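Enquirer: Protein chains in written order, with my numbering: chain B, 1 to 269; chain Y, 1001 to 1260. One structure is given below, represented as structure tokens, and several questions about it will come after.
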């Protein structure tokens, strides 16, 4: 309690050199949102929401972003552990490779995915020939594109949490005879759970907003691969108001989910 | 049989492209230009990238002291930018609808004129391995097709052509613009795509074009107009005149457009 009271008393003494840029930064981030709210067609909002396709796209977005996040957790947490806990040659290179999707324009990422998982791609050809699976233009393709772009957010967050965690607990477990796997599942994971949650939330949010890699790799087909960002982009071609409505829905849903999660898990007690 | 059909179609395509409006190239003579100077900013549809870049260079050569700068993007995005006050001199749209957005907002100066038109063809991988000969072949099982989304001009044209042909097509994807649809053919992800003839002309080493009669019912007109906001009105007018001159028409025709 005393910890949270101290900074509150200090609010009056926030240096101007920090306060001014902080407020400017907030305005910069929040003003575009205000722009959307001001231009939204409030009177026709109910009819626009009821239009077929809106809910389909929203449902597809939520489903694919969630599955993509699960996929990222499954692969990303072990990768983060490897980067944080194991010394191996070329670790710096691996760490740099993990961030490639962050710097790569998503459209280029989509093309790269096509070259690997596409019908003529190295892996895609084998998948099609052996199992008859084709990923482009499928919902699975959407998940793949979103996971590709969003995984770095998870890996970086979890690796940071692992590096910040006290390794003495893991050492104690090892001293007591716990195997490395047991230590990982019973000590490490609970220890960095808040970091994993934060990473998963970032990852989910990025997957939900994904546009470039999705439209390039998975294409655009209503009900199958047309997520909300794709619907927004295409609505913008003909009807700016429809695009604003779709953006607001996506924003509302994502902010609601993020706020709920934040209260429950991310804020430390 | 099918291979020969394709070849015939490609030759026919080349011939129609040549006969489009090249005939008037010499007769019309050079565009009038009386001491035009300064920068001319042209907002032009993405499908005009190659031909307008060329026309811009020719225009600069014909009018020393001028500089043409381009903003190539989707016509609807350009219309939005213009209506939000972007300082452009000329707008060349890939569809009358996007031009109408600009003129309806009172941002046009004069009346838009149609300077070119474009028609759909079926783009297939080089050699036409699936033997696609017309729209009906696109519905064959196992044939994956990319079309443009109906919100963009090439998608609206494709919808019209398919309706005229009475073909019910379920595409693999509805792409956000014509170049994206073409890219899916180039990458081998689809077996065919409905694109503009100019797109096939621009990628002769990657794809073949298959013409189909219904495309005549879904011709896309390209209007051009000087804008009210134009900082360089004289330059803008000279550029529009140049596009419509013999030189401009020759470049457009070579790219696969038809000129009125």
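Glycine included, C-beta positions come from ideal geometry on N, C-alpha and C. Note that this is a predicted model, so its numbers are computed, not measured.
#1: Counting only runs that start and end within the region 1024–1111 of chain Y, where is the alpha helix (DSSP H) found for 4 or more residues in a row?
#2: Pull up the distance between the alpha-carbon of residue 74(B) and that of residue 213(B), whole angstroms please.
#3: Grab the span of the beta strand (DSSP E) containing residue 156(B) for me, first residue to last.
#4: If you draw a straight line from the C-alpha of residue 26(B) to the C-alpha of residue 69(B), how long is it?
#5: Quick one, which of 1062(Y), 1194(Y), 1139(Y) has its alpha-carbon nearest residue 1037(Y)'s?
#6: Entirely within the region 1201–1246 of chain Y and at least 3 residues each: give me those beta strand (DSSP E) ranges in chain order.
#7: Thinking residue 1120(Y) and residue 1167(Y) are a contact (beta carbons under 8 angstroms), I'd like their distance in whole angstroms, please.
#8: From residue 179(B) to residue 162(B), what does the alpha carbon distance come to, in whole angstroms?
#9: Can you list, in chain order, the residues of the region 1142–1175 of chain Y whose Cβ is nearer than 8 angstroms to any Cβ on chain B?
#10: In or out: residue 14(B) buried (at least 16 other Cβ within 10 Å) or exposed?
#11: Any beta-carbon of chain B closer than 9 angstroms to the one on residue 1180(Y)?
#12: Looking only at C-alpha atoms, which of 96(B), 49(B), 236(B) sits nearest to residue 1080(Y)?
#13: Anything in chain B within Cβ reach of residue 1076(Y), meaning under 8 angstroms, just list it in chain order.
#14: With H, G and I counted as helix, E and B as strand and the rest as coil, what does DSSP make of residue 1172(Y)?
#15: Between residue 1152(Y) and residue 1074(Y), which are expected to be in contact by the criterion C-beta below 8 angstroms, what is the C-beta distance as a whole number of angstroms?
#16: How long is the line joining the alpha carbons of residue 247(B) and residue 208(B), rounded to whole angstroms?
#17: Do you know offhand how far residue 1189(Y)'s Cα is from residue 1140(Y)'s?
#18: Any heavy atom of the ligand ATP closer than 8 angstroms to the Cβ of residue 254(B)?
#19: Cβ of residue 131(B) less than 9 angstroms from any chain C Cβ?
#20: Please state whether DSSP places residue 1165(Y) in a helix, a strand or coil.
#21: If you draw a straight line from the alpha carbon of residue 259(B) to that of residue 201(B), how long is it in whole angstroms?
#22: Can you give me the C-alpha to C-alpha distance between residue 40(B) and residue 141(B), rounded to a whole angstrom?
#23: Return the residue from the list 1056(Y), 1177(Y), 1184(Y), 1125(Y) that minimises the CA-CA distance to residue 1245(Y).
#24: Residues in the same chain with beta-carbon distance under 8 angstroms from residue 1202(Y), minus the five sequence neighbours each way, listed in chain order, please.
#25: Kindly list the residues whose CB is nearer than 6 angstroms to the CB of residue 193(B), restricted to its own chain and excluding five residues on each side of it in sequence; keep chain order.
#26: Identify whether residue 203(B) lies in helix, strand or coil by the three-state DSSP scheme.
#27: Counting only the same chain and skipping the five closest in sequence on each side, list residues whose C-beta sits under 6 angstroms from that of residue 1191(Y).
#28: Flag this pair as touching only if the region 213–224 of chain B and the region 98–114 of chain B have three or more C-beta atom pairs under 8 angstroms; answer yes or no.
#29: Could you check which residue in 1218(Y), 1184(Y), 1211(Y), 1178(Y) has the C-alpha nearest to that of residue 1199(Y)?
#30: Taking three-plus beta-carbon pairs below 8 angstroms as touching, is the region 51–66 of chain B in contact with the region 127–138 of chain B?
#31: If I'm right that residue 1077(Y) touches residue 1123(Y) with Cβ under 8 angstroms, what's the distance once you round it to whole angstroms?
#32: Tell me whether residue 55(B) is buried or exposed, calling it buried when 16 or more other Cβ atoms sit within 10 Å of its Cβ.
#33: Should residue 1048(Y) and residue 1094(Y) be called a contact, given that it needs their Cβ atoms to be closer than 9 angstroms?
#34: Considering residue 112(B), what are the terminal residues of the alpha helix (DSSP H) in which it resides?
#35: Taking residue 1066(Y) and residue 1040(Y) to be in contact with their CB atoms under 8 angstroms, please state how far apart those CB atoms are, rounded to whole angstroms.
#36: Given residue 1233(Y), which residues of its chain have a CB within under 8 angstroms of its CB, disregarding the five upstream and five downstream residues?
Expert: So, to answer that:
#1: Fully enclosed alpha helix (DSSP H) runs of 4 or longer: 1024–1028, 1049–1062, 1075–1083, 1096–1104.
#2: Residue 74(B) and residue 213(B) have their C-alpha atoms some 21 angstroms from each other.
#3: According to the DSSP assignment, residue 156(B) belongs to no beta strand (DSSP E) but to the alpha helix (DSSP H) extending over 139–164.
#4: Approximately 28 angstroms, taken between the alpha carbons.
#5: Among 1062(Y), 1194(Y), 1139(Y), the Cα nearest to that of residue 1037(Y) is on 1062(Y).
#6: For the region 1201–1246 of chain Y, whole beta strand (DSSP E) runs of length 3 or above, ordered along the chain, are 1207–1210, 1220–1227.
#7: At roughly 13 angstroms, the Cβ-Cβ gap does not stay under 8 angstroms, so residue 1120(Y) and residue 1167(Y) are not in contact.
#8: Here the alpha carbons of residue 162(B) and residue 179(B) stand approximately 18 angstroms from one another.
#9: If you check each beta-carbon in the region 1142–1175 of chain Y against every beta-carbon of chain B, the ones closer than 8 angstroms belong to 1144, 1146, 1149, 1151, 1152, 1171, 1172, 1173, 1174, 1175.
#10: The residue in question, residue 14(B), is exposed, as its Cβ has fewer than 16 Cβ neighbours within 10 Å.
#11: Output row for residue 1180(Y): interface = yes.
#12: The shortest C-alpha separation from residue 1080(Y) is found at 236(B).
#13: Per Cβ cutoff of 8 angstroms: 236, 237, 238.
#14: Correct three-state label for residue 1172(Y): coil.
#15: Between residue 1152(Y) and residue 1074(Y), the beta carbon gap of about 7 angstroms places them in contact (Cβ cut-off 8 angstroms).
#16: The alpha-carbon atoms of residue 247(B) and residue 208(B) are separated by roughly 12 angstroms.
#17: If I take the Cα positions, the gap works out to 16 angstroms.
#18: No copy of the ligand ATP appears in this structure; indeed no ligand is present at all.
#19: Of the chains in the structure shown, none is chain C; the protein chains are B and Y.
#20: DSSP places residue 1165(Y) within a helical segment (H, G or I) once states are collapsed to three.
#21: Take the alpha-carbon of residue 259(B) and the one of residue 201(B): they are about 10 angstroms apart.
#22: Rounded to whole angstroms, residue 40(B) to residue 141(B) spans 32 angstroms at the Cα level.
#23: Comparing C-alpha distances from residue 1245(Y) to each of 1056(Y), 1177(Y), 1184(Y), 1125(Y) shows the shortest one belongs to 1056(Y).
#24: Cβ within range, chain order: 1050, 1255, 1256.
#25: If you ignore the 5 residues before and after residue 193(B), its C-beta comes within less than 6 angstroms of no other C-beta in its own chain.
#26: Three-state result, residue 203(B): helix.
#27: Excluding residues within five positions, the ones whose Cβ falls inside 6 angstroms are 1130, 1143, 1144.
#28: The count of Cβ pairs closer than 8 angstroms, one atom from the region 213–224 of chain B and one from the region 98–114 of chain B, reaches three, so the stretches are in contact.
#29: The shortest Cα separation from residue 1199(Y) among 1218(Y), 1184(Y), 1211(Y), 1178(Y) belongs to 1178(Y).
#30: By the Cβ criterion, the region 51–66 of chain B is not in contact with the region 127–138 of chain B, since fewer than three pairs of Cβ atoms, one from each stretch, lie closer than 8 angstroms.
#31: No, residue 1077(Y) and residue 1123(Y) are not in contact; Cβ-Cβ is about 23 angstroms, not under 8 angstroms.
#32: Exposed is the call here.
#33: Yes.
#34: Counting along the chain, the unbroken alpha helix (DSSP H) around residue 112(B) starts and ends at 106–117.
#35: Correct: roughly 6 angstroms between the Cβ atoms.
#36: Cβ neighbours of residue 1233(Y) beyond the five flanking positions: 1089, 1109, 1226.
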